[in-house]
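Structure record follows, encoded as structure tokens.
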Amino acid sequence: MRSLQAPVLFLIILLNVLAAPASAASKKIILDTDPGTDDAMAMMLALHSPELDVRAITVVPGNVTAAQGLDNALRMVSLANRCDIPVAGGAQHPLRQKLITAEFWHGQNGLANIQLPPSNCTVDAHFAPDLIIQMVHASPHEITLVPVGPLTNIALSVLKDPSIVPLVKEVILMGGSISGGNVNAAAEANIYNDPEAAQIVFQAGWPLTMVGLDVGDKTLLTQQYLDQLGGTHGPVNDFIYRVAKYLVDLSARFNSPGTPMYDPLAVGVAIDSSLVKAPAMHVNVETKGEFTRGETVANRHGYVERNVLHGDRYIIEGLGRVEPNAKVCVEVDANRFLQLFVARIQGK
Ligand SMILES: [Ca+2]
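Per the numbering used here, residue 44 is the first one in the sequence shown, and the count goes up by one each step.
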């Protein structure tokens, strides 16, 4: 009988695993967002991907004001019929500068001027950073933070309770660039909107993946993918089609064949990290700089020269090692990601 015990036990465990709901094995995420057109696509990708278990949506000001963003988030979770997910408002402005909103790119309401029906969902009463802190402590080492807006809420969480840092599984953020910006020559918008917050998040000491502007620019949703979305229907499908069409038309005005999927790609990396190549680097956020405030400055080589003062000059005496603090996405399998996005939205 003894010889049968192990295989029987294995079979029982296997059957239990197979019978468990898909969500038991999925990755718990908190999506921190400034919705936002590409935020809308990111949110709907997250809500319709079985690999992810969206535990909360926290709203940060950025593309739109905090109040508009919260209203947008509530309408979208209602459209997706997911009032079970807490939606919480957080910071009202960046840590140390005035807010810069982007209706110019996202439409007057931030959602491509599409009027969604009023939400059936109610706002969670927590302050977003408090909700993040509470959820991380409730599920230690299990929560992945996916910030796709300015990093104000995440920085406030760390400032308020640094003990969450080793308890967060990982951070996968959309922001930054190691080859030029979109706000200006140097800075990407999410980081530029709150450089002090971004520096806190990059230096916190948790596993961090940066899904930046330059890799997002390689994921263009073109007319071909738009046509795929237009061929199927459903409340979410039709909403995302209209958002994507708005963005594709906007891109055409700037001579681009498609719209970059910045925020959705961060969610894509949370779903499947094999979509990107992301070497480890040390990244600092420039918080001063005459031309470079808000730039993510990445050390590709892992060292700096060690200069030692001798009399009236410095002499290079060797190299000092620099430890990486981020995986920086540099390549992406764009077609595989875009097909994943379309497949998850179609018919929803
Ligand atoms: Ca965003």
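Don't be surprised by glycine CBs; every beta carbon is placed ideally from N, CA and C.
Check whether Asn106 and Gly79 have beta carbons under 8 Å apart: yes
Stretch-stretch touch, CB-based, cutoff 8 Å, three pairs: the region 288 to 306 with the region 319 to 339: no
Distance cut 5 Å, beta-carbon to ligand 1 heavy atom: residue list by chain order: Asp77, Gly79, Asp82, Val191, Gly192 and Asp306
Start-end ranges of the alpha helix (DSSP H) lying completely within the region 58 to 132, minimum 4 residues: 80 to 90 and 109 to 122
Check: Gln177 C-beta below 7 Å from any heavy atom of ligand 2: Ligand 2 is not part of the structure shown, which contains ligand 1 as its ligands.
Other residues of its chain near Arg379: CB distance less than 7 Å, five sequence neighbours each side excluded: Leu318
Rounded straight-line distance, which links the Cα of Asp257 to that of Ile221: 7 Å
Every unbroken beta strand (DSSP E) inside the region 295 to 324 [3 residues or more]: 301 to 303
Sequence-distant residues of the same chain with beta carbon closer than 7 Å to Leu210, five excluded per side: Val179, His180, Pro183 and His184
At least three beta-carbon pairs within less than 8 Å, the region 124 to 144 to the region 212 to 219: no
Top-ranked residue by Cα proximity to Ile388, from His276, Ile143, Arg118 and Glu213: Looking only at His276, Ile143, Arg118 and Glu213, the smallest Cα-Cα distance to Ile388 is reached by His276.
For Glu187, the first and last residue of its enclosing beta strand (DSSP E): Here the sequence assigns Thr to residue 187, which means Glu is not the residue at that position. That run of the beta strand (DSSP E) goes Ile186 to Pro190.
Euclidean distance between Cα positions of Glu231 and Gly337: 7 Å
Under the three-state DSSP convention, the category Leu383 falls into: Here Leu383 sits in helix by DSSP.
Alpha-carbon to alpha-carbon, Gly361 and Pro64: Its pLDDT being 45, under 50, Pro64 is placed unreliably by the model, and nothing is read from it.
Given 8 Å, three or more beta-carbon pairs between the region 149 to 167 and the region 282 to 301: Yes, since at least three Cβ pairs between the region 149 to 167 and the region 282 to 301 fall closer than 8 Å, the two stretches touch.
For Asp75 and Pro205, the rounded distance between their alpha carbons: 18 Å
Nearest-angstrom beta carbon gap, Ala171 and Ala198 [assumed within contact, 8 Å]: Not quite, the Cβ-Cβ distance comes to about 12 Å (not below 8 Å), so this is no contact.
Endpoints, beta strand (DSSP E) assigned at Thr265: Leu263 to Thr265
Reduced DSSP category for Ile143 - H, G, I as helix; E, B as strand; rest coil: Looking at Ile143 - three-state DSSP - the assignment turns out to be coil, as it is neither helix nor strand.
For Asn233 and Thr339, the rounded distance between their alpha carbons: 11 Å
Exposure of Ala110, with buried meaning 16 or more beta-carbon neighbours within 10 Å: exposed
Bridge-paired residues (DSSP) for Leu216: Met253
For Ala168, the residue or residues it bridges with in DSSP: According to DSSP, which records beta bridges pairwise, Ala168 is partnered with nothing at all.
Start-to-end residues for the beta strand (DSSP E) that takes in Asn196: That residue, Asn196, is in no beta strand (DSSP E); its alpha helix (DSSP H) goes Thr195 to Lys203.
Lys331 (DSSP reduced to helix, strand or coil): coil
CB of Asn163 within 8 Å of CB of Ser121, strictly: yes
For Leu113, the nearest candidate out of Ala168, Lys203 and Leu138 (CA to CA): Ala168
Candidates Pro278, Arg356 and Ile207: closest to Trp249 by CA position: Ile207
Cutoff 7 Å; reference Gln382; Cβ partners in own chain excluding five residues on either side: none
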